[in-house]
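*Asks:* My questions all concern the structure below.
Numbering (the numbering used here), first residue to last: -18 to 443.
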C-alpha cells in the first residue's frame, strides 16, 4: 500500500534528471525495455519548480504524523499550506493564478491522479483515455475530444498507474503488462504498458457518475414509459434477461436501473471481473474474480464464482458480463430454479447475442451438440434488450425482443419494441422514434400469473 511519503517521493522523482556533464546519460534508470522512448525531456522553469517543491515537502513535512491524521480534507489543507509557504521563498516569478495552479497540481500529484485529477472530478466526463503521456482524450456527452492535459513523461504516467492498481492489490510490470482495476468510486480502469504498448503506457478509465434511475433514462429518452413498464414487469416476474450492446453503450447502467425493480426481500449475488454494479437493495453479496499471482497461481474466474454462487442460496444472480465458459453455468442456473437472473453481453444485435452465447458455451469444453446448446439457451432466456450508442452520442434501447423457443434448429425470437431511425439532421443528431411492433409476447401470460399487471394495450402503441 502506498504511504504519503511514497506518493511524494514518486512525484519528486518522476522526471528524469538532466544528464551529468561528460556522461551523456540520465542519472535515473529507464523505466521500460529498449522499445520504450527516452524519459528525458528538458523541463520548463515551472515544471522544475514543481519537482523542487516535491523535494521540499519530503524534507520538511512530518509525513508520518500527517498521514496518521486520517482526514483527507485536513491532509489536503496541510499540503496546500506547506506548498504556499515554500512558494513565498521562491525566486521564480509567478502570477497569483500560476501559484494557485502549482499548488493545485502538487495536491493532485500527492493525493489524487496527477494531471487527470481535474478531469476525474468533472461529472460530465464518462471516459478518460490516456494514449501515452502527451495525448489525453475524454468523452463528454457521447463525443470524444482531445484535451491539453499532459504527463511529464512515461515514468510520470507509470507512477499514477502503479498507484491505482496497488490500491486494489494488483500489479502491472513487464511480466504482467495488462491489468484491470477499479477506483474507490467504482470507476473501471484498464492499463497496458510496454512492451505490449509501443508508444508508452496506456490508461483507460470508464467513469460512473451519479446513480441513475429509470426516470433519468426516460428524461434522456433512452427508452419510453411503455418500454420501461415492460422491463420493470419482466424483472418483477423473474424473467431471465440479457442486456446486449457495444462498448460504452450503457449496458451496466441499464442493469443497475433494472435491478431497482428486484423486490427488497430477495438475496442478490453479483459476479464481476471488476466490481462496478451499484445495486440499491440491502441484501446484496458482491463477488469479484481474481487474476493469477506472480507465480501464475490463485486465479479465480467468473465460472468458479457462478458455481459458488449456487451454493449461497441466491434469489437472483447478476453477472456483470458473460464473456467465456461461465455462460454455460449461468444458463444452467437459469434453468434450475434461479429465475430472474440478469447479465450483459457484448453484441451488436439480439441475434448476434445468441450466437455469442453459443460460442461461449462451447468454450466450456462440453460434448454438447449445437442443438443441445441452443435448447439450453432457448429454455433459459426470456428477454434480450439491445442498447446502442448512436452516432450523435445518445444512447437508446433500440430493441426489446422475446426468446420464444426453438423452430427447427434455430432459436426463435420476436421483437416487441424497436427504435426506428429515419436519418440524421444538419446538426448530426439522429432522427427517429420508438415503436411497438404490435406483437403480444408469449411471456405476457407469465407476467399475469406472477401477479404483475401491465396495460392491455401496452404492445399496440403508435
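Glycine residues also receive a C-beta, built at the ideal position from the N, C-alpha and C atoms. Remember, it's a predicted structure, so these values are computed and weren't measured experimentally.
By alpha-carbon positions, which one of 279, 151, 140 and 60 ends up nearest to residue 97?
*Replies:* Minimum Cα distance to residue 97 is reached at 140.
*Asks:* At what residue ranges does the stretch 242 to 310 contain a whole run of the beta strand (DSSP E), taking only runs of 3 or more?
*Replies:* The qualifying runs are 249 to 253, 265 to 269 and 297 to 300.
*Asks:* With a threshold of 6 Å on Cβ separation, who are the neighbours of residue 224 within its own chain once the five nearest residues in sequence on each side are excluded?
*Replies:* Same-chain partners within the cutoff: 232, 235, 236, 325 and 366.
*Asks:* How is the beta strand (DSSP E) around residue 185 delimited, first residue to last?
*Replies:* Segment 183 to 187, the beta strand (DSSP E) holding residue 185.
*Asks:* Kindly indicate which three-state DSSP category residue 340 falls into: helix, strand or coil?
*Replies:* Three-state result, residue 340: helix.
*Asks:* On the DSSP bridge assignment, give the partners of residue 222 in chain order.
*Replies:* Per DSSP, 323 and 364.
*Asks:* Touching or not, the stretch 338 to 355 and the stretch 188 to 206, by the rule of three or more beta carbon pairs under 8 Å?
*Replies:* The answer is no - the stretch 188 to 206 does not touch the stretch 338 to 355, with fewer than three Cβ pairs under 8 Å.
*Asks:* Could you tell me which uninterrupted alpha helix (DSSP H) segments, each at least 4 residues in length, are contained entirely in the stretch 75 to 154, listed from first to last along the chain?
*Replies:* With a minimum length of 4 residues, the continuous alpha helix (DSSP H) runs that stay inside the stretch 75 to 154 are 77 to 92, 98 to 101 and 135 to 148.
*Asks:* Could you tell me the alpha carbon to alpha carbon distance between residue 412 and residue 377, rounded to whole angstroms?
*Replies:* In a straight line, the C-alpha of residue 412 is about 12 Å away from that of residue 377.
*Asks:* Counting along the chain, where does the beta strand (DSSP E) carrying residue 171 start and finish?
*Replies:* Taken as a continuous stretch (DSSP letters only), the beta strand (DSSP E) holding residue 171 covers 169 to 173.
*Asks:* Grouping DSSP H, G and I as helix and E and B as strand, with all else coil, what is residue 348?
*Replies:* Residue 348: coil per DSSP, three-state reduction.
*Asks:* Can you give the Cα-Cα distance for residue 125 and residue 118, rounded to whole angstroms?
*Replies:* The alpha-carbon atoms of residue 125 and residue 118 are separated by roughly 7 Å.
*Asks:* Looking at residue 384 and residue 359, is the spacing between their C-beta atoms short of 9 Å?
*Replies:* The answer is yes: Cβ separation under 9 Å.
*Asks:* Please state whether the Cβ-Cβ distance between residue 335 and residue 394 is less than 9 Å.
*Replies:* In this structure, residue 394 lies closer than 9 Å to residue 335 by Cβ.
*Asks:* So which of 148, 419 and 110 has the shortest CA-CA distance to residue 438?
*Replies:* Of the listed residues, the one whose Cα sits closest to residue 438 is 419.
*Asks:* Name the DSSP bridge partner or partners of residue 159?
*Replies:* BP columns for residue 159 point to 173.
*Asks:* Under a Cβ-count criterion, where at least 16 other Cβ atoms within 10 Å of its own Cβ denotes burial, should residue 450 be classed as buried or exposed?
*Replies:* Residue coverage of the chain in this structure runs from -18 to 443, which leaves residue 450 outside it and unanswerable.
*Asks:* Under 9 Å between the Cβ atoms of residue 300 and residue 253?
*Replies:* For residue 300 and residue 253, yes; Cβs fall inside 9 Å.
*Asks:* Examine the Cβ distances between the stretch 82 to 96 and the stretch 125 to 136 and report whether three or more of them are shorter than 8 Å.
*Replies:* Yes: the two stretches touch, three or more of their Cβ pairs being nearer than 8 Å.
*Asks:* Can you list, in chain order, the residues of its chain with a C-beta nearer than 7 Å to that of residue 356? Leave out the 5 residues immediately preceding and following it.
*Replies:* Same-chain partners within the cutoff: 387.
*Asks:* Can you give the Cα-Cα distance for residue 340 and residue 90, rounded to whole angstroms?
*Replies:* So the two alpha carbons sit approximately 45 Å from each other.
*Asks:* Please classify residue 58: is it buried, with 16 or more other beta-carbons within 10 angstroms of its beta-carbon, or exposed?
*Replies:* Exposed is the call here.
*Asks:* Under the assumption that residue 268 contacts residue 290 (Cβ atoms under 8 Å), give the Cβ distance between them as a whole number of angstroms.
*Replies:* Yes, they are in contact, since the Cβ atoms of residue 268 and residue 290 sit about 7 Å apart, within 8 Å.
*Asks:* Roughly how many angstroms lie between the CA atoms of residue 242 and residue 226, to the nearest whole one?
*Replies:* The straight-line gap from Cα to Cα measures roughly 21 Å.
*Asks:* Output the boundary residues of the beta strand (DSSP E) element that contains residue 413.
*Replies:* 411 to 417 is the extent of the beta strand (DSSP E) around residue 413.
*Asks:* Got a sec, what are the start and stop residues for the alpha helix (DSSP H) residue 429 sits in?
*Replies:* Start and end: 425 to 430.
*Asks:* Given a threshold of 16 other Cβ atoms within 10 Å of its Cβ, counted over all protein chains shown, does residue 64 qualify as buried or as exposed?
*Replies:* Its Cβ being crowded by 16 or more others within 10 Å, residue 64 is buried.
*Asks:* What does DSSP give as the partner residue(s) for residue 395 in the beta ladder?
*Replies:* According to DSSP, residue 395 bridges with 383.
*Asks:* If you measure between the beta carbons of residue 249 and residue 195, is that distance less than 9 Å?
*Replies:* For residue 249 and residue 195, no; Cβs fall outside 9 Å.
*Asks:* By how many angstroms is the C-alpha of residue 172 removed from the C-alpha of residue 441?
*Replies:* About 48 Å.
*Asks:* Output the distance between the C-alpha atoms of residue 495 and residue 230, rounded to the nearest integer angstrom.
*Replies:* Absent from the structure is residue 495, since the part of the chain shown begins at -18 and ends at 443.
*Asks:* Could you tell me which residues DSSP pairs with residue 404 in its beta bridges?
*Replies:* The partner list for residue 404 (beta bridge, DSSP) reads 412.
*Asks:* Less than 7 Å between C-beta atoms, sequence neighbours within five positions excluded: which residues of the same chain meet that for residue 423?
*Replies:* Hits under 7 Å: 383 and 385.
*Asks:* Just mark residue 264 as buried or exposed, buried being the case when its beta carbon has 16 or more other beta carbons within 10 Å.
*Replies:* Counting Cβ neighbours within 10 Å, residue 264 comes out exposed, since fewer than 16 surround it.
*Asks:* Compare the Cα-Cα distances from residue 213 to each of 282, 372, 323 and 67 and report the closest residue.
*Replies:* Of the candidates 282, 372, 323 and 67, the one whose C-alpha sits nearest the C-alpha of residue 213 is 323.
*Asks:* What's the gap between the Cα of residue 399 and the Cα of residue 160?
*Replies:* Taking the straight line from one Cα to the other gives about 37 Å.
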